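Engineer: Chains as they are written, first to last, in the numbering used here: chain E, 164 to 303; chain D, 164 to 303; chain H, 164 to 303; chain F, 164 to 303.
Glycine is no exception: its CB is placed at the ideal position from the N, C-alpha and C atoms.
It should be emphasised that the depicted structure is a prediction, and the values quoted were computed from it without experimental measurement.
Take a look at this one; I'll ask things after.
4 protein chains.
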Amino acid sequence: MPHPKPKGRINETTLRVRYAETDAMGIVHHSRYIPWFEVGRVNFLREIGLPYKQIEEMGFLFVITELGARYHNPARFDDAVIIRTWLEKVHSRGMRLDYQIIDEAGETLVTGFTKLICTNRQGQPTRLPADLVRLLTNES
Amino acid sequence: MPHPKPKGRINETTLRVRYAETDAMGIVHHSRYIPWFEVGRVNFLREIGLPYKQIEEMGFLFVITELGARYHNPARFDDAVIIRTWLEKVHSRGMRLDYQIIDEAGETLVTGFTKLICTNRQGQPTRLPADLVRLLTNES
Amino acid sequence: MPHPKPKGRINETTLRVRYAETDAMGIVHHSRYIPWFEVGRVNFLREIGLPYKQIEEMGFLFVITELGARYHNPARFDDAVIIRTWLEKVHSRGMRLDYQIIDEAGETLVTGFTKLICTNRQGQPTRLPADLVRLLTNES
Amino acid sequence: MPHPKPKGRINETTLRVRYAETDAMGIVHHSRYIPWFEVGRVNFLREIGLPYKQIEEMGFLFVITELGARYHNPARFDDAVIIRTWLEKVHSRGMRLDYQIIDEAGETLVTGFTKLICTNRQGQPTRLPADLVRLLTNES
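This is the structure:
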């Protein structure tokens with residue numbers, strides 16, 4: 164996994180670490196950052212103008228095919244963290260989004276990426292909705 | 164919530180505490196016992212002969228309407244815990260299941276209950292499947 | 164569980180439902196509202212002036228002893244929900260907080276309560292920090 | 164991420180998919196496989212003779228530094244899945260474990276890896292416990 168380098172439009176979403184997201188080591192459990200990537204992804208799509216909820220209503224689903232994460236520094240309970248999300252690559256049937264989670268001081272906590280493909284409701288891979296491709300192309 | 168008292172058939176399911184289920188207090192997070200109740204519920208139904216998966220395939224859904232839990236002693240990472248599940252009450256459109264989670268020494272960790280109603284796929288309350296009522300009646 | 168009736172200072176926290184919080188029924192899994200209660204609790208304490216993080220740093224822990232929830236209407240992916248949190252009761256070594264989760268139209272989704280006791284780092288029940296009692300007394 | 168190829172001792176852990184692990188797509192949420200990797204890791208260590216709980220009691224912590232996962236086929240509620248875990252690489256201060264999650268028919272659902280480093284209780288990187296290195300060396 165090449166280290167993510169922010170580019171194009173970057174969505175920034177701030178959230179506060181929940182107690183339920185910590186583990187017995189006193190830090191955020193490594194699996195708990197993955198839903199934060201998803202929060203970033205959903206807000207990125209909302210920001211460019213096509214909320215994921217709307218994409219689902221149009222009959223498309225986004226299925227994650229690959230995931231990577233590097234853990235640089237831990238987040239802790241009640242920390243405010245910022246999820247930075249941007250489009251790394253788009254192709255006809257899918258895309259890769261990259262993430263950088265930073266703390267309030269700007270220090271990098273976690274970086275990562277997800278690759279996803281677009282399917283119809285029957286689970287068959289299909290082209291990304293044309294509206295989305297247009298919006299993504301404007302942003303990158 | 165009256166304290167659960169085991170009766171009738173009791174399903175016993177053993178599971179081991181996952182690290183991901185602990186929190187920064189070094190114990191299992193209180194919300195994490197709730198999916199264990201569900202594991203007990205699913206295994207109770209399997210044991211009496213009608214797996215929940217099959218109930219869903221028949222077009223029924225079980226929707227939780229009320230939940231209660233009392234926390235007596237904490238579970239910790241890697242503990243083996245036993246979930247004891249039994250039917251407290253059944254009525255035409257729903258039922259109440261009760262739970263007792265104990266450790267290997269038999270000490271009570273958590274007790275609780277869930278009330279659920281049966282709906283069809285459109286979310287409308289409906290009678291419990293007749294097969295299930297028959298099986299439950301035999302057990303209680 | 165008597166139905167919660169809001170009183171005194173009410174903290175309102177808005178959050179958006181994450182995809183990871185839904186289940187195969189297409190709605191938020193019933194266990195997933197419990198960490199939201201916790202988010203409300205943490206923000207209630209912050210709002211009255213004594214963040215839970217600070218309470219922990221002072222050497223106190225809050226341990227949940229009882230939990231109740233009633234499910235009225237389901238939340239769904241991407242819904243904005245409001246968690247309303249207030250103090251129901253405070254006593255020397257613990258308190259009960261009540262919760263009402265509503266949607267943007269004001270409809271009640273879930274109500275509930277948690278009872279907690281205060282312990283020291285060794286897990287022994289102890290009096291609530293005096294500063295907290297003073298702040299809570301002003302609010303109720 | 165090179166595709167994991169099982170080698171040396173392989174721990175096989177079977178678990179059944181919980182309803183709480185599914186999402187609104189009707190399949191297991193992609194973040195939910197990550198705690199399963201951890202379950203495999205914990206059981207791998209137990210099987211070779213040094214449970215992770217004991218490692219923690221000796222004053223060592225394992226901190227995840229990198230994670231990768233590829234999603235081949237989805238798991239669904241109530242499926243029995245097998246987590247296959249093996250040591251890919253060990254070095255003085257850490258190791259990489261690889262995972263393959265298969266269904267009962269032997270079909271691959273998810274593959275992945277985690278890299279971890281060993282720290283002391285103060286969070287400083289340190290050598291793996293000598294006992295562990297000896298046990299790992301025998302296995303690989």
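#1: Could you check whether the region 242–255 of chain D touches the region 227–244 of chain H, counting it as contact only if at least three pairs of C-beta atoms, one from each stretch, sit closer than 8 Å?
#2: Determine the closest residue to Tyr196 (chain D) out of H:Leu230, H:Glu210 and H:Ile264, with distance taken between C-alpha atoms.
#3: Return the CA-CA distance between Thr228 (chain H) and Trp199 (chain E), expressed in angstroms with no decimal places.
#4: Nearest to Gly203 (chain E) by alpha carbon, out of E:Arg259, E:Met221 and E:Gln285?
#5: For the alpha helix (DSSP H) that Asn206 (chain D) lies in, which residues bound it at each end?
#6: Out of D:Thr177, D:Ala293, D:Ile218 and D:Asp294, which one is the CA nearest neighbour of Arg284 (chain D)?
#7: Considering only C-alpha positions, which residue in the set D:Asp266, D:Met221, D:His235 and D:Pro169 is nearest to Thr289 (chain D)?
#8: Secondary structure at Lys278 (chain E), three-state DSSP: helix, strand or coil?
#9: Is the shortest distance between the beta-carbon of Phe207 (chain D) and the beta-carbons of chain F less than 8 Å?
#10: Just grab the DSSP bridge partners of Pro288 (chain H) for me.
#11: Which first and last residues belong to the alpha helix (DSSP H) in which Ile190 (chain H) is found?
#12: Does Phe223 (chain F) come within less than 8 Å of chain D when only Cβ atoms are used?
#13: Using a beta-carbon distance below 8 Å, is Tyr182 (chain D) in contact with chain E?
#14: For the beta strand (DSSP E) that contains Glu220 (chain E), what are its first and last residues?
#15: Tell me which residues of the region 209–241 of chain F have at least one Cβ-Cβ distance to chain D shorter than 9 Å, keeping chain order.
#16: If you reduce the DSSP assignment to three classes, tell me which class Glu184 (chain F) lands in.
#17: Between H:Ala183, H:Lys278 and H:Thr177, which has its C-alpha nearest Phe240 (chain H)'s C-alpha?
#18: Could you work out which residue in E:Arg297, E:Arg209, E:Asp261 and E:Thr282 is closest to Thr274 (chain E) when comparing CA atoms only?
#19: To the nearest whole angstrom, what separates the beta carbons of Ala238 (chain D) and Val191 (chain D), a pair I think is in contact under 8 Å?
#20: Just to check my reading of the structure: Leu213 (chain H) and Leu295 (chain H) have Cβ atoms closer than 8 Å, yes? What is that Cβ distance to the nearest angstrom?
#21: To which residues does DSSP link Gly243 (chain E) through a beta bridge?
#22: Give every residue of the same chain whose Cβ lies closer than 7 Å to the Cβ of Leu279 (chain H), excluding the five residues on either side of it in the sequence, and list them in chain order.
#23: Examine chain E for any beta-carbon lying closer than 8 Å to the beta-carbon of Glu267 (chain H), and answer yes or no.
#24: From the DSSP output, which residues share a beta bridge with Ala238 (chain D)?
#25: Strictly below 7 Å CB to CB, what residues from chain E border Met188 (chain F)?
#26: Going by alpha carbons, who is nearest to Thr277 (chain E) out of F:Gly189, F:His193, F:Ala187 and F:Gly171?
#27: For a contact defined as C-beta to C-beta under 9 Å, what are the partners of Pro198 (chain H) on chain E?
#28: What is the rounded straight-line gap between the Cα of Tyr215 (chain H) and the Cα of Glu201 (chain H)?
#29: Does the beta carbon of His193 (chain E) sit closer than 8 Å to a beta carbon anywhere in chain F?
#30: By how many angstroms is the C-alpha of Leu178 (chain F) removed from the C-alpha of Gln287 (chain D)?
#31: Ordered along the chain, which non-local residues of its own chain (more than five positions away) have a Cβ less than 8 Å from that of Pro292 (chain H)?
#32: Val273 (chain H) bridges to which residues according to DSSP?
#33: How many Å lie between Leu299 (chain D) and Arg181 (chain F) at the Cα?
#34: Measuring alpha carbon to alpha carbon, tell me which residue in D:Asp186, D:Leu208 and D:Tyr234 is nearest Ile264 (chain D).
#35: Between Glu201 (chain F) and chain D, is the shortest Cβ-Cβ distance under 8 Å, so that the two count as touching?
#36: Which residues in the same chain as Asp186 (chain H) place their Cβ atom closer than 7 Å to its Cβ, once the five residues preceding and following it in sequence are excluded?
Structural biologist: Put simply:
#1: Result no; under three Cβ-Cβ pairs closer than 8 Å.
#2: Relative to the Cα of Tyr196 (chain D), the nearest Cα in the group H:Leu230, H:Glu210 and H:Ile264 belongs to H:Leu230.
#3: 29 Å
#4: E:Arg259
#5: Residue range Tyr196 to Ile211 is occupied by the alpha helix (DSSP H) that includes Asn206 (chain D).
#6: D:Ile218
#7: Comparing Cα positions, the closest option is D:Met221.
#8: strand
#9: no
#10: H:Thr282
#11: Per DSSP, Ile190 (chain H) belongs to no alpha helix (DSSP H) and is neither H nor E.
#12: no
#13: yes
#14: Element bounds for Glu220 (chain E): not the beta strand (DSSP E) but the alpha helix (DSSP H), Tyr215 to Glu220.
#15: Arg209, Pro214, Tyr215, Lys216, Glu219, Arg239, Phe240 and Asp241
#16: Residue state, collapsed to three classes: helix.
#17: H:Ala183
#18: E:Asp261
#19: By a beta-carbon distance limit of 8 Å, Ala238 (chain D) contacts Val191 (chain D). Their separation comes to about 4 Å.
#20: Right, the Cβ-Cβ distance comes to about 5 Å (below 8 Å), so this counts as a contact.
#21: The amino acid occupying residue 243 (chain E) in the given sequence is Ala; Gly does not appear at that position. The partner list for Ala243 (chain E) (beta bridge, DSSP) reads E:Arg179.
#22: The beta carbon of Leu279 (chain H) sits closer than 7 Å to those of Phe225, Val226, Ile227, Thr228, Gly257 and Met258, all from its chain and outside the five residues before and after it, given in chain order.
#23: no
#24: For Ala238 (chain D), which the question treats as bridged, DSSP gives no partner whatsoever.
#25: Under the 7 Å cutoff, chain E gives Leu224.
#26: F:His193
#27: In chain order: Arg181, Tyr182, Ala183 and Glu184.
#28: 11 Å
#29: yes
#30: One alpha carbon belongs to Gln287 (chain D), the other to Leu178 (chain F), and they sit about 33 Å apart.
#31: Leu213, Ile218, Met221, Phe223 and Cys281
#32: H:Tyr234 and H:Ile264
#33: If you take the alpha carbons of Leu299 (chain D) and Arg181 (chain F), they lie about 22 Å apart.
#34: D:Tyr234
#35: yes
#36: His192
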